[in-house]
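Chains A and B, in that order, are what the protein sequence lines are.
The number in our numbering is simply the position in the first sequence, starting from 1, with 10 added.
The number in our numbering is simply the position in the second sequence, starting from 1, with 48 added.
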Amino acid sequence: MNEKKLGLGSVIATGVGLVVASSCLLSIGIGTSAIGVTFVITMVIACIVNILTLLSIAELNALMPDLTGGLAQYSLACVGPFITIICMSGGYVLCNTMAGSVECAMFANTVSGLFPQLGLPPWVFCTLLVIFLMITNLNGVDMFVKVQDFVAYALIASLAIMGIMGALGLGTGEIVEQPAVLASDFSNVTGLCGLAFFLFVGGEYVVPLTKEVKNAKRNIPLGMVLSMLIILAMQIFLTFGFKNYTRWGELGESATPHILYGEMLLGPIGKYWMVIVSLLATVSSVNTIMSSLSYILMGMSKIELLPEFFRKTNKKGAPYVGILLEEGIYIIINVSGLSTTDAISFLISVLAILWMISYIISNINVILLRRRLPNAPRTFKLPFGPLIPLLGIVGTAYMIYNIDPDWAVKLELYKICAIMIAVLTVYSFLWVKFKVKRPMFKPYPVKEVMAMENELYAKHHRK
Amino acid sequence: MKVSIEELSRVEIITKEAKIDSLVKEFGKFGISGMTIYDAKGCGVQLGTQEYENEDEATGQPTLLHKQVVMVVLPTSEVDKFLDFVEKELYTGHIGDGKIFVSPITNAIRVRTGEEGKEALKAGILD
């Protein structure tokens, strides 16, 4: 674990990896078919808000570098264990475990549809994918990176080529004559910000790999921002491609708008190419979640917010307990058929609100640590005082407000989110009270959080 | 004793040996043409206890840790930039990153040529 293995290219591959899931390709279709190419403005707003938060996380990472997982430790040092457990468990652990399961289901359904003659149920393909990624991830970060670099760059190249071809009208299909803009008023454009937010969420998943990154001071912030900009560029090209080759009505009605676009752009070749793209997107997302989440779990264990066994690593340095647990959950959810239910998709939207709340807390953390340690050297520090974190807070709160354009759905999401927070509150209260045995809301000293990274800390501080 | 009116400062950096190579590599950017590095043993306010150790276990007896001291003399006008670089280079966020001491120098003399002040720190022009 001492030798740094990841360069800027791998950081970008990881940053793009989680964000561009096959569900994102679906979301671009939904957003574009609703308001036309003005959805680009919505995406730019969402991208900027996400970049603001990623920059805040980069500053936290500069102040508290080389921590396993990273994200939980920053909150522990700023808002104490109680809130940290709620946000990390809901926003990261549960949300991404569910999202990973759904992505696996999408992979399984797509492959099953490609090979109906085999007569195998979709969960078989899901299980094969999960086992493959489990084996690569158990072989340490080297193997994770090899898979991720290949998958992410194949994905980026494919989407860029298909997007540019569509935007420039270079496809073999017929160019559709239709209005580029369906709605351009403020409420319509910003009303879809919540949807667009999901097209960029997750860039911070490079942080758990900081310990493995060469020149992390430069590569982590740069990699996160470049990931977002690359994703934005690809999605803008796709949006204009959709406008040129797919009728808005058909795009909105399609369950797989990206595959429809591929077919309209290049015929059957385009269709199969887009199928491969969506498979790559799924593999990329599940691979990133499996790797980074296992490090987040390990990090939370080191700061005593999860049981000790999550700290265990195999000979390759991989946190195998987290990897095996995730693998088990993905398979159970898929074999049981839960992954394709509407309930789980709704639950992911609910947990995403907690993820957004975690973003707000990350921005608050920057402001708090600026006050507590104003002169500590930061290899990356945001300019303009607290302005950027404050904009990040306001922007993310606005995204939560616009989580869904339909008020009835929005209120339902808020209601279930409140229930979820109540459940996590009870769990967090019990864990802090009986396991951590520290004040609920008292931030830990930064030096103590840093010390907890050492494997010997637990030995010297057994309660 | 010869006293120069030129402003020079001495910066002494106490840190871990592992950090020395990456640290001194960039010194040239700050007009530093020479340096002195020596082994040292010592402790700070934690009396040499490791950061992961429980404070309740502390005996109160200092444990002397192996460190290295880097001593450089440079123009006072360069000190702020230099310190900013050193702090960022040494920073890990952990106890034991190091200490930096800055003190004024009244003069520097190259014995062989008799050059003084900043001239004594540059490549000799009298040769």
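Built from N, CA and C at the ideal position, the CB exists for glycine as well.
These numbers come from a predicted model, not from an experiment.
Under the Cβ criterion (8 angstroms, minimum of three pairs), the region 42-54 of chain A does not count as touching the region 385-394 of chain A. Relative to the Cα of Pro399/A, the nearest Cα in the group Val360/A, Leu378/A, Ser311/A, Ala353/A belongs to Leu378/A.
Rounded to whole angstroms, the separation of the alpha carbons of Ser302/A and Gly212/A is 11 angstroms. Residue pairing from DSSP places Arg58/B in a beta bridge opposite Val121/B, Ser151/B.
The three-state reading of DSSP puts Ile157/B in strand, counting E and B together.
A distance below 7 angstroms between beta-carbons, with the five flanking residues on each side excluded, links Leu205/A to the following residues of its chain, in chain order: Ser37, Ile40, Gly41. In this structure, Ile67/A and Val217/A form a Cβ contact; the two beta carbons are roughly 6 angstroms apart against a cut-off of 8 angstroms. Looking at Met238/A, Phe117/A, Val199/A, Arg382/A, the one whose alpha-carbon comes closest to that of Asp414/A is Val199/A. Our two residues, Phe135/A and Gly327/A, have alpha carbons roughly 28 angstroms apart in a direct line.
For the pair Gly332/A and Leu307/A, the CB atoms are nearer than the 8 angstroms cut-off.
Interface criterion met: the Cβ of Tyr139/B is under 8 angstroms from a Cβ in chain A. For Glu60/B, the nearest beta carbon of chain A is not closer than 8 angstroms to its own beta carbon. For Gly277/A, the CB contacts under 7 angstroms within the same chain, skipping 5 residues up- and downstream, are Thr182, Gly183 in chain order. The beta carbon of Leu86/A sits closer than 6 angstroms to those of Thr94, Ile313, Tyr454, Val459, all from its chain and outside the five residues before and after it, given in chain order. Under the Cβ criterion of 8 angstroms, Lys77/B is not counted among the residues facing chain A. Secondary structure in the region 334-387 of chain A: the alpha helix (DSSP H) runs of 4 residues or longer, each lying completely within the stretch, are 352-382 in chain order.
Around the beta carbon of Ala109/A, 16 or more other beta carbons lie within 10 angstroms, which makes this residue buried. Taking a Cβ-Cβ cut-off of 7 angstroms, Lys447/A has no neighbours in chain B, whose nearest Cβ is about 14 angstroms from it. Taking all protein chains in view, the Cβ of Trp417/A is surrounded by fewer than 16 other Cβ atoms within 10 Å, so the residue is classified as exposed. The Cβ-Cβ distance between Glu337/A and Val151/A does not fall below 8 angstroms. For the alpha helix (DSSP H) assignment, the uninterrupted runs of no fewer than 4 residues enclosed by the region 410-441 of chain A are, from N- to C-terminal side, 417-441. At a cut-off of 8 angstroms between beta carbons, Tyr100/B contacts chain A. Here Ile370/A is near Thr406/A, since their CB atoms are less than 8 angstroms apart.
Glu164/B has Ile157/B as its beta-bridge partners, per DSSP. Under DSSP, Gln116/B takes part in a beta bridge, and its partners are Thr63/B, Asp87/B.
Counting only runs of 3 or more residues that sit fully inside the region 43-113 of chain A, no beta strand (DSSP E) segment turns up.
Gly233/A places its beta carbon less than 8 angstroms from that of Val21/A. When the alpha-carbon of Ala72/A is set against those of Lys77/B, Tyr139/B, Phe75/B, the nearest one is in Tyr139/B.
In its chain, beyond the 5 residues on either side, Glu60, Thr84 have a beta carbon closer than 6 angstroms to the beta carbon of Met119/B. Between the region 147-162 of chain A and the region 264-273 of chain A there are fewer than three C-beta pairs closer than 8 angstroms, too few to call the two in contact. Taking the C-beta atoms as reference points, Thr124/B is found no nearer than 8 angstroms to Thr111/B. Nearest to Val191/A by C-alpha distance, out of Lys221/A, Lys253/A, Leu138/A, is Lys253/A. For Arg257/A, there is no enclosing alpha helix (DSSP H), since its DSSP letter is neither H nor E. For Ile68/B, no chain A residue has a C-beta closer than 8 angstroms to its own C-beta; the minimum C-beta separation is roughly 18 angstroms. In this model, Glu463/A and Thr298/A are separated by some 22 angstroms (Cα to Cα). Each of Asn60/A, Leu62/A, Gly80/A, Ile96/A was checked against the Cα of Leu440/A, and the nearest Cα belongs to Ile96/A.
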